[in-house]
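Visitor: Protein chains in written order, with UniProt numbering: chain A, 1 to 1226; chain B, 1 to 350.
All C-beta atoms, glycine included, are put in the ideal place defined by N, C-alpha and C.
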């Protein structure tokens, strides 16, 4: 049921794979595909490469040595290769035990796209500019898109089919069908179908409307125009007529109609910039490259022909595999050569591309999956109670049928002639039994009939009410002004509609750090260059508000963002000829060059002033480039082959000869530059852990040592650090590198692994340049929010990929950790040491808690709080082993848990551990692609729609802009939703059970034959009209406590965690209450009219109205806040009931004609109504008062508090007090 | 670096495209409804409210209870159970045989009026253990046929009493009509006949709309098995009031049906002789038959239940009001006292 959506593998945080630079090197055509490995079927022919891959990663082998893990990888791989979505991880986290969170072997990163060969039978052949030939053999999808689910013809069957996935509906359908059998027809045929038909109709209308809107937007999409090459001329064509193989011309700011391979662009080097906002929400520009072979061609003048062999359509938006045969040469194509439907072309005046995937086969459409479907815990519990109700129903039916059997036995001699039960039919010449099937069958039929009569014991309307209530709740959550973020102009989003009430029961919050607790807006803070720390003098830097700027031809260029500069460093950066100056120079060149940032010039209102905006995927890189610019190393141009850096007013051109992209194993990236002085240099930047392995300590050990000290200092301040190193390449070294780089980057087989190997070879014996420190500011209101969450009894866990020191310091600044806490650190490298430290920690925990118990008894001090800090390496040894149990025991004793250096799948593993063992509600919140697995694993997943794209949001159930919104979301909306929904479910059970029990009692007075005096129509309308609206209104609008109170006392959230508003006890109490109320409602009229000449229909009307009034007054008694809408709904329902009963009774063809007017004319009727209402509700009222007075729960006290304060305030004529925690609106 | 104001850095990477029109603010429109801040009344159960609610109920219920009890006591009711007494002694072993035989069923009963009875005095027959609400029985009728002469073939729901043996439709069809009650009563006082008005005993709405003025009985009680009374086939159904009364099926297995009205006062001590034809077979299912003469009150017939119920509920509420008053006095609790909040009661205990 849950988590069926495959998750896309995250794009790495620093340079994306698609930034693979274009290489100008001509590659040799490869004539043949490599032979498939013998003895293997074609689908799994890449398996040996995995083994090959393993050899370079010993830890993989170790972890995969267990049988289980190996098999999981194999199955995983064959699955992936079937769809050619190699980088796509499509396992189901919830259901497949084969995924090992602890094992790094399952890390999907390993299955990189490039070592996958395309088989002929799996490939799609696209003949360039020849759509006829392309589509000849296989009819590829047209470019029409259809997001609508139904057409007019298929709507009815498909919609019904989908709706009947609900078991309850099948139950009601079965009953309706039973009722159609003549022997069992209890209700009129129409009446029995009505409730189900109504529910189906409402849902169908909703679906139809949604589908209509989809169709309409499809239509608009399909009729957009694009320029397509037809007969060597570009003509306008509708999007839906575009076919695979056609050449399409796109102008700037146009949206792409389908997935295309770039042929040429307006830029001479073949660069095109695209914006992928519509695809993944990332708004920065990405670069795509046309191949040199096609860049020079103009299809209007010379005919292009060639063949593209590419993989079958798949949903991996970050991967693409193809090769192109053109002019007898074979060129390989990668993700950087394809532009996808839905993207926009920017900063490029035109681009030509050839359509390779169209319509429903485009990656954008393949990624269009709906919101995840989860089921709320309340609903799970509700289903348990529904089973109880079903048992209850069966019991009632059994009682009736057994009694009926007894009655038949006792009267068995009389049945033939009895006036009211004449067994024989004398109207036919041959006298025979009339509708009598022997008493065994009779009992059976009575049983079935009683199921039909008592069917609404299982409340059909509950499902639709719950849906409507959730829509209403979502409406209020989305519309909440306090969860709107002005800075990003985003509202709260509800993506899943089924789990609103889970928000009120959260016990564990798992949070990502970067972008969730922090803003993910990086600011360059300080640097350590050549062993000297430049972090002082910020105050002086404030004066230099103008920042660095550049004058060219009377125009001023200035970086868009200003950076505080260290004056000492600034002056150093201007000296060129000192040793230190050179060092600083190299450091900043590295910052400016070793990245994938694209500089853009932005016009301002002042024509003389232009801003330079650095666009890139990694905010860290942006910060570094801005920093370099502020010190006078301004990156002003980047093409695929070179960059231009303005160094202190002097333009320098560097050739970018190669770039080794960032990957999560190396945790560094490097760039090989050809400098203006004809030297070759490699610049590397990366995380300290991996950088110190490749830095040659012998070169200047003092600097290395000093830098290490500085790094420690920075990270303890909570700064993100990067280490920068460089090396001069000799000509021979360079040539060696270049040849291997060329081979690797054009390889069709195992490209990523080869490139990585090249990178490992060149990134060695570096000399250290320095280290940079970037601050990632805490989001507004995070410490307060965390404190509130902790007060509410919610355990907050932070799972981060950051270093331990950084994580701890962020922990302190966000008040997650306090100085009072005892810290337990677990970081070990082996299973044995893990085991030992866990045991030690447990012992310590025990000691601390007993100590504090003792001290509490003495002084009443609070329990000692324990914080557990554990790192990813230890988790590798703990997760999926028997140590899990110990970790769980330890973690559940701790107030705070901080996991650092954890991989995405480990995050999910930790969530799964707690979810599985603690059986408490978990919530995961994160913003990045690395949080996707965790978000999908948790009961409630929240995506932060922040700086890092939308993958987390796409996978989430709810999305919001800021971490602090968690507080109003959980404490206010979650609490309300939980209270509302639990009350509504209980009330629905009660409401239907009262009605059924009244029918049941009556059945006992009809010789157990299930006559209903309440008309069919009233039975049907009972849950649809008479009593439906008030529940829905109360379910949407009821507020047990005001927002202010809920925020002031976070502890009130505990009611949801302890399941105080819906539990087994409450259910049974409700059922007992229901029994009494139905007895009162049934027997008062029965005894009052006993032995009178009242007829069935009149008494039926009395019972109908009595039950409806009773049920509505019962609701009215529990309503806390009376809005005018509530009044309308409750009193309106009673009035509507009267009207309906009257209408039913003026239809002369029904037996109850005019009955209501007769009975309502008597005073006894009204006396009965009043008597029933009071007598039925007195016990409930008394119990309610006793509980409220003697055992008041927190909600009750808080409600009284609200009232008392309100009256006090109005007395003092004060203005309404401000909420204690209501962050100032920005 | 981030020295610019938050608003200009709004979606910093997004603003690369400065030519794009600035997106409209998605800020939710403020209204008291969307922010769930509608004015609301939030009543709370203070002791004052609780006690006054209980007192109010008892103040309303006790008088009503007393008044209805009096009304019920004012009703004079004569009940005469006759189903056994009207069987000749020699046939009491085989009551069913007697009732099915063609013997004379006449029977005389003597009633004494205990108290002055004001007119109108309603004459009912009361049947016990007769399930007029039995499901096969209730369904065995055709409302269409009763209303409209053109629908006389509409007898599908009337089985087993739908057509005669040769297939002619029975009007009125069905078990209900077939089992029409057929005991008759005549009243004499001091050898003077007391007139019994048998008109207007049914609902006017039934006579006007439910039973057709042009529908005449056809083939009624012509089958081998006679269930009850015959009908005058020259009178339309809307005039056959005993049938209309009978067809209003009773809600409960013990029921009364109006037989007629005596429109003179009866004095206390009057002796009334009832000439009775005991035709109806209730013996096969041990049904009781009773003749009832009753006056009415504003609340209906003689039934103490409602009065007693009101008194009980009213009394209980009064008692509860007292109990709560005492509780509130003896063990007062300050409403809205934060020290009662669970986390204040046992600090650190969670």
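(1) Please report the distance separating the alpha-carbon of residue 83/B from that of residue 283/B.
(2) Are the segment 1165–1176 of chain A and the segment 1084–1097 of chain A touching, with three or more C-beta to C-beta distances below 8 Å?
(3) Given residue 702/A, which residues of its chain have a CB within under 7 Å of its CB, disregarding the five upstream and five downstream residues?
(4) Rounded to the nearest angstrom, what separates residue 1180/A and residue 1080/A at their Cα positions?
(5) Does residue 489/A get closer than 7 Å to chain B when you measure Cβ to Cβ?
(6) Just the C-alpha distance for residue 45/A and residue 523/A, rounded to the nearest angstrom, thanks.
(7) Between the segment 1159–1174 of chain A and chain B, which residues of the former have CB atoms less than 9 Å from a CB of the latter, in chain order?
(8) Could you pull out every residue in the same chain whose Cβ sits closer than 8 Å to the Cβ of residue 920/A, ignoring the five residues on either side in sequence?
(9) Work out the CA separation of residue 124/B and residue 260/B for me, nearest whole Å.
(10) Quick test of the definition: if touching needs 3 or more C-beta pairs under 8 Å, does the segment 24–43 of chain B touch the segment 301–311 of chain B?
(11) At the level of alpha carbons, what is the spacing between residue 450/A and residue 183/B?
(12) Note down, in chain order, each residue of its chain lying with its Cβ closer than 6 Å to the Cβ of residue 967/A, except the 5 sequence neighbours on either side.
(13) Report the neighbours of residue 25/B on chain A: residues whose CB is nearer than 7 Å to its CB, in chain order.
(14) Check the Cβ of residue 28/B against every Cβ in chain A and list those closer than 8 Å, keeping chain order.
(15) Short of 8 Å in beta carbon distance, which residues of its chain neighbour residue 100/B, apart from the five on each side in sequence? Order them along the chain.
(16) Determine whether the beta carbon atoms of residue 256/A and residue 290/A lie at a separation below 7 Å.
(17) Within 7 Å of any Cβ in chain A, is that where the Cβ of residue 98/B sits?
(18) Could you list which residues in chain D have their beta carbon closer than 9 Å to that of residue 1005/A, in chain order?
(19) State the CB to CB distance for the pair residue 1261/A and residue 258/A, rounded to an integer number of angstroms; the pair is presumed to be in contact (CB under 8 Å).
(20) Closest to residue 735/A by C-alpha separation, out of 767/A, 672/A, 1071/A and 796/A, would be which residue?
(21) With 7 Å as the threshold, decide whether the Cβ of residue 1076/A is near any Cβ in chain B.
(22) Counting only Cβ pairs nearer than 9 Å, list the residues of chain B close to residue 355/A.
(23) What separation, rounded to the nearest whole angstrom, lies between the Cα atoms of residue 482/A and residue 638/A?
(24) What does a CB cutoff of less than 7 Å around residue 1046/A pick up in its chain, not counting 5 residues either side in sequence?
(25) Please state if the CB of residue 1146/A and the CB of residue 1040/A are separated by a distance shorter than 7 Å.
(26) Taking a cut of 9 Å between CB atoms, which residues from the segment 166–177 of chain B lie near chain A?
(27) Enumerate in chain order the residues of its own chain whose CB-to-CB distance from residue 605/A is below 6 Å, with the five nearest sequence positions on each side excluded.
(28) Measure the Cβ-Cβ separation of residue 819/A and residue 778/A and say whether it is below 7 Å.
(29) Contact criterion: CB-CB distance below 7 Å. Does residue 180/A meet it with respect to chain B?
(30) Cα separation between residue 214/B and residue 158/B?
(31) Are the C-beta atoms of residue 185/B and some chain A residue less than 7 Å apart?
(32) Roughly how far, in whole angstroms, is the beta-carbon of residue 710/A from the beta-carbon of residue 528/A, given that I think they are within contact range, below 8 Å?
(33) Judging by CA-CA distance, which residue of 876/A, 841/A and 1050/A is the nearest neighbour of residue 831/A?
(34) Residue 576/A to residue 570/A, Cα distance in whole Å?
(35) Within 8 Å, do at least three Cβ pairs link the segment 721–738 of chain A to the segment 639–656 of chain A?
(36) DSSP three-state call for residue 535/A: helix, strand or coil?
Guide: Result, derived from the coordinates:
(1) 8 Å
(2) yes
(3) 531
(4) 13 Å
(5) yes
(6) Confidence at residue 45/A is low in this model, with a pLDDT of 37, below 50, so the placement of that residue should be treated as unreliable; the coordinate-derived value is given next. So the alpha carbons of these two residues sit roughly 47 Å apart.
(7) 1162, 1163, 1164, 1167, 1168, 1170, 1171 and 1174
(8) 507, 508, 914 and 1057
(9) Per the coordinates, the alpha-carbon of residue 260/B lies some 7 Å from the alpha-carbon of residue 124/B.
(10) Judged by Cβ distances under 8 Å, the segment 24–43 of chain B makes no contact with the segment 301–311 of chain B, as fewer than three pairs qualify.
(11) 36 Å
(12) 785 and 788
(13) The contacting residues are 489.
(14) 478, 479, 480, 481, 484 and 491
(15) 281
(16) no
(17) no
(18) Among the protein chains in the structure shown, which are A and B, there is no chain D.
(19) Chain A is shown from 1 up to 1226; residue 1261/A falls before or after that span and cannot be answered.
(20) The candidate whose alpha carbon is nearest that of residue 735/A is 672/A.
(21) no
(22) Result: empty, since nearest Cβ-Cβ is about 25 Å, beyond 9 Å.
(23) For residue 482/A and residue 638/A, the distance between alpha carbons rounds to 42 Å.
(24) 971, 972, 975 and 1052
(25) Residue 1040/A places its beta carbon 7 Å or farther from that of residue 1146/A.
(26) Those would be 166, 167, 170, 175 and 176, in chain order.
(27) none
(28) no
(29) no
(30) 20 Å
(31) no
(32) A Cβ-Cβ distance of about 4 Å is found for the pair residue 710/A and residue 528/A, placing them in contact under the 8 Å criterion.
(33) The shortest C-alpha separation from residue 831/A is found at 876/A.
(34) 12 Å
(35) no
(36) coil
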